[in-house]
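Below you'll find the structure, written out as structure tokens, and then a few comments.
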């Protein structure tokens, strides 16, 4: 049998993200019950804010734009069931999200755009600001960017002489329990940026921010290399799922 070579190029009757079990009404209209549900959710959000809504309903609001003609509540619940909460859905890597039935390019893009906006907003509160006098916004930023990652990431915050954050860079990415860090590269980058001080940050995907022996050794190596060049290491933060550990507070620096 000869297959039709143009078949794959034919437009689908529904978006790839949308399930085909409920056909959209003509001209892209949605059933009245669905339109009413979406209207009620929007009104509740505008009147009561996010605090008035559980995670899956906030996720529904996000999915409305990606899937305009289908009921998105089942998909929102599948995503929450798979990842645990809204934060973990937003932070989930694209390959893992794509494993969920109903997640296609439109949904994936919408989720990752919201994640990127959240990161930008959190970063805007700390960049070009005196970090040591505004520690909580810094922690909020680190939690937003790193707490729900499923692999380790090592970031360095570079500060000038006034302890103003001049750069925030991911130096390395690793596996679920290890990330390679090279002290010489960290100090070299500090010199390139004319930084006077550093704050190290990395996450523990396990959720437990207790520093490992390898974390302690690596921190000591970076501190020694930085001190030799007149650069101060203020702290090393280990970010867990719900809390963080400060080397300075724990007496490890």
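In this note's numbering, the protein residues as written are 18 to 270. C-beta: ideal position from N, C-alpha, C; glycine also. Nothing here was measured: the structure is a model prediction, and the numbers come from that model.
Check	Outcome
Residues of its chain near residue 222, where Cβ-Cβ distance is below 7 Å and the 5 sequence neighbours each way are ignored	166, 167, 168, 169, 193
Euclidean distance between Cα positions of residue 256 and residue 159	7 Å
Beta-carbon contacts of residue 198 that lie in its chain and below 7 Å, excluding the five residues immediately before and after	171, 188, 189, 235
The region 171-180 touching the region 208-219, judged by at least three CB pairs closer than 8 Å	yes
DSSP beta-bridge partners of residue 172	187, 218
C-alpha distance - residue 299 paired with residue 219, whole-angstrom precision	Residue numbering for the chain in the displayed model covers 18 to 270; residue 299 lies beyond these limits and cannot be assessed.
CA-to-CA distance, residue 100 to residue 79, given in whole angstroms	16 Å
For residue 256, three-class secondary structure by DSSP	strand
Contacts around residue 184, its chain only, beta-carbon distance under 6 Å, and the 5 residues preceding and following it disregarded	175, 210
Whole-number beta carbon distance between residue 258 and residue 164, since they are thought to touch under 8 Å	6 Å
4 or more residues per run - each alpha helix (DSSP H) lying fully within the region 80-105	90-100
Delimiting residues of the alpha helix (DSSP H) encompassing residue 262	Unbroken run through residue 262 is the beta strand (DSSP E), 261-263; no alpha helix (DSSP H).
Assigned secondary structure, residue 38 (DSSP; H/G/I helix, E/B strand, else coil)	Annotation note: pLDDT 41 at residue 38 (below 50); position unreliable, coordinate value reported separately. In the structure shown, residue 38 sits in coil (DSSP, three-state: anything other than H, G, I, E or B).
Cut-off 7 Å between Cβ atoms - residues of its own chain near residue 65, not counting five sequence neighbours on either side	none
Cβ neighbours of residue 265 in the same chain (closer than 6 Å, five flanking residues each side left out)	252
Between the CA atoms of residue 114 and residue 40 - distance to the nearest angstrom	The pLDDT assigned to residue 40 is 45, lower than 50, so where the model puts this residue is not dependable, and the model offers no usable value.
Same chain only: Cβ atoms within 7 Å of residue 131, ignoring 5 sequence neighbours per side	79, 107
Pair within 8 Å by beta-carbon distance, residue 200 and residue 239	yes
Simplified DSSP assignment, three categories, for residue 147	strand
Close Cβ partners of residue 76 (< 7 Å) along its chain, the five nearest in sequence each way excluded	93, 96, 97, 103, 106
Where the alpha helix (DSSP H) through residue 132 begins and ends	122-141
Whole-angstrom distance between residue 71 and residue 109, CA atom to CA atom	19 Å
CB contact flag (residue 162, residue 133, <8 Å)	no
Burial state of residue 261, where buried means 16 or more other Cβ atoms lie within 10 Å	buried
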